[in-house]
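Residue numbers (our numbering): 671 to 794.
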């Protein structure tokens with residue numbers, strides 16, 4: 671299971687695992703994480719040995735906190751997001767034609783804007 675998820679997630683199994691555990695630590699009621707970790711599916715398989723369980727919980731963690739996938743480290747996330755937005759906006763202002771051709775950079779900027787919005791809502 672770990673190898674399959676690592677291959678699917680581009681070698682980022684540990685990152686996704688940490689996101690899932692953080693999700694449970696932050697949002698699950700007391701004792702729920704332990705119950706979930708020891709839960710069994712109807713066929714007797716441990717819940718956390720099912721790749722679909724990991725994919726589902728990782729997707730939930732991403733929805734609740736997309737910033738962790740945009741910026742590395744656990745430091746000043748808002749500052750890191752703002753810095754990268756400023757860098758891309760500066761590039762856009764001085765190299766508009768190149769920016770317009772770079773779909774990946776445009777998508778990245780949109781994700782950063784969304785992250786900034788969620789961070790500001792979190793701080794409210």
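By construction, the Cβ of each residue, glycine as well, lies at the ideal position given by its N, Cα and C atoms.
Sequence-distant residues of the same chain with beta carbon closer than 7 Å to residue 730, five excluded per side: 693
Proximity below 9 Å, CB of residue 721 to CB of residue 674: yes
Three-state secondary structure assigned by DSSP to residue 716: strand
Through-space distance from residue 788 to residue 703, alpha-carbon basis: 25 Å
Distance, residue 753 Cα to residue 767 Cα: 22 Å
Pairwise C-alpha distance: residue 672 and residue 717: 13 Å
Euclidean distance between Cα positions of residue 682 and residue 762: 31 Å
Same chain, Cβ closer than 8 Å to residue 707, five either side skipped, listed in chain order: 717 and 718
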